[in-house]
Amino acid sequence: MANVLVIGQGGREHVIAWKLKQSPHVDKVFCAPGNAGTAEDAINVDISATDSERLAAFAEENDVTLTVVGPEAPLVAGIVDTFQSRGLTVFGPTKAAAALEGSKSFCKEIMRRANVPTADHWVFTDPTDAVQFVQEREETPLVVKADGLAAGKGVSVCSTKAEAIEAIHHIMTQKAYGDAGRKIVIEERLVGQEVSILALVDGKTIVTLEPAQDHKAAHDGDTGPNTGGMGAYTPAPFATPELIDEVIERILIPTVHAMRKNGTDFQGVLYAGLMLTAQGPKVLEYNVRLGDPEAQPVLMRLKSDLYEILLAASQGKLRDLPELEWDSRSAVCVVMASEGYPESYQSGHPIRGLGEAAELPDTKVFHAGTTITDGQVVNSGGRVLGITSLGESLSEAKRKAYEAVKCIRWQGAWCRKDISDKARE
């Protein structure tokens, strides 16, 4: 029997730990540092997700067979390299390969070499040059992105020159995202439906997961500021088998080849955020880990053994696995957030109704920003819970998820009311 270590403390890590625990091959699942939800489904370990040396030592001391790195920050910092240098089996890309998410300009360069369809872009390290560039262009919608990691929030979608210039100053002059904004990427704004295609890669073989759609904007109807994601659903009906084949052939395979030619072999999750434009699918961004909240509904539907899959991927043996099995039902995840998110918010409010929600059929409450204080579960982050339900249709899964949402209360709790409605647009 295997011991597994999941690194991270969000909703993605909770669903990974929960799914790994279901494997007949797995004895103990550790989660570092974890949250109030992983405390129920796994064993929390009080070590920061970015303390790679202590985490590697813990893995050695506790006979950990496989370590799964959830969030992007430790991946970009090189945690996989630390584990591999000690001969430990770990799922995730190396520091050099994780630059695909850690640097948007590097990502664009790889896509250019791979001839992957994406938006036209321009890179700037000086705010004056960036502002001048915007002022001299025609009035066209642009997207301004911090080059480095900004917890999903370093992207401004701008309709006017004035908005783009404001975004440049916000990122570069006011340093809203710190060092992540020392360099920016300005892109043409693409129009269409967004869809997330997540694939497992072992350096050579690519296995796609079921497609999902995230909801980035804070409020109903895709209004308000960008967040880390306010909900997701799967399957995404417009992500047809034909589209998936096109994405594999024109986007994923060329990217994996380009990474190998670059000397940065890719092993881990390759997450393509796509815009389905009139000219076909184009890549908005790559992430190098499972999406959050996409992981929750996608893994809720996975019937195959996640431990076997991730172990094979980390050992370069994905081609030896049988085809993945999926629950035919739909899944919807609704994120409940703290008042004020994605800006400042208050934490420490007791959460009520978790037990009542847990008793509802085909529903699982995944914790993201929670902790336990004086024996009570309290909110500790901006995105607090990901309530995920299965249903025979998307509308049934949505109904069940919101039924569970109604059970749960804490001071200032809120959520979007329209998760999965895009599927019917």
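Take the sequence shown: its letters are residues 77 to 501, numbered as in my numbering. All C-beta atoms, glycine included, are put in the ideal place defined by N, C-alpha and C.
Counting along the chain, no beta strand (DSSP E) covers residue 204; the unbroken alpha helix (DSSP H) around it starts and ends at 203-212. Cβ atoms of residue 92 and residue 108 stay farther apart than 8 Å, at about 12 Å. Shortest Cα-Cα distance from residue 90 to any of 368, 247, 449 and 432 involves 368. Judged by DSSP in its simplified three-state form, residue 262 adopts strand. In the three-state DSSP reduction, residue 147 falls in the coil class, being neither helix nor strand. Closest by C-alpha distance to residue 324, out of 77, 418 and 285, is 285. If you ignore the 5 residues before and after residue 260, its C-beta comes within less than 7 Å of the C-beta of 200, 206, 220, 221, 222, 223, 244, 247 and 248, all in its own chain and listed in chain order. When C-beta atoms of the segment 368-385 are compared with those of the segment 151-160, fewer than three pairs fall below 8 Å, so the two segments do not count as touching. Within the same chain, and ignoring the five residues on either side of residue 176 in sequence, the residues whose Cβ sits closer than 6 Å to its Cβ are 183, 362 and 364. Rounded to whole angstroms, the gap between the alpha carbons of residue 446 and residue 484 is 13 Å. With respect to the 7 Å criterion, residue 309 and residue 408 are classified as neighbours on the basis of their beta carbons. The criterion of a C-beta distance shorter than 7 Å is not satisfied by residue 282 and residue 288.
Between residue 273 and the set 190, 321 and 380, the nearest pair of CA atoms involves 321. Here DSSP, grouped into helix, strand and coil, assigns residue 485 to strand. The distance from the Cβ of residue 292 to that of residue 299 is about 11 Å, inconsistent with a contact at the 8 Å cut-off.
In the three-state reduction of the DSSP assignment, residue 467 falls in the strand class, which pools E and B.
At a Cβ-Cβ threshold of 7 Å, residue 125 and residue 163 do not count as neighbours. The beta carbon of residue 252 is closer than 7 Å to those of 246 in its chain, skipping five residues each way along the sequence. Taking every protein chain shown into account, the CB of residue 77 has fewer than 16 other CB atoms within 10 angstroms, so this residue is exposed. In chain order, 217 place their CB closer than 6 Å to the CB of residue 235, counting only its own chain and leaving out the 5 sequence neighbours on each side.
Where residue 343 is concerned, the enclosing beta strand (DSSP E) starts and stops at 343-353. Excluding the 5 residues flanking it on each side, residue 458 has same chain C-beta neighbours closer than 7 Å at 413, 414, 417, 418, 421 and 445, in chain order.
Collapsing the DSSP output to three states places residue 417 in coil. Boundaries of the beta strand (DSSP E) harbouring residue 221: 218-222, taken from the DSSP string.
Linking residue 116 to residue 134 through their CA atoms gives a straight-line distance of about 20 Å. Beyond the five residues adjoining it in sequence on each side, residue 396 comes within less than 7 Å, by CB distance, of 388 in the same chain, given in chain order. Residue 128 places its beta carbon less than 7 Å from that of residue 158. Under DSSP, residue 107 forms a beta bridge with 82 and 120. Secondary-structure assignment with DSSP links residue 282 through a beta bridge to 277. In the structure shown, residue 357 adopts extended strand secondary structure according to DSSP, grouped into three states. Per DSSP, residue 308 is one residue of the beta strand (DSSP E) stretching across 307-310. Contact between residue 240 and residue 210 holds, with the beta-carbon distance rounding to 5 Å and staying under 8 Å. In this structure, residue 268 lies away from residue 143, with their beta-carbon atoms at least 7 Å apart. Residue 165 and residue 110 have their C-alpha atoms roughly 20 Å apart. When secondary structure is reduced to three states using DSSP, residue 289 falls in the strand class.
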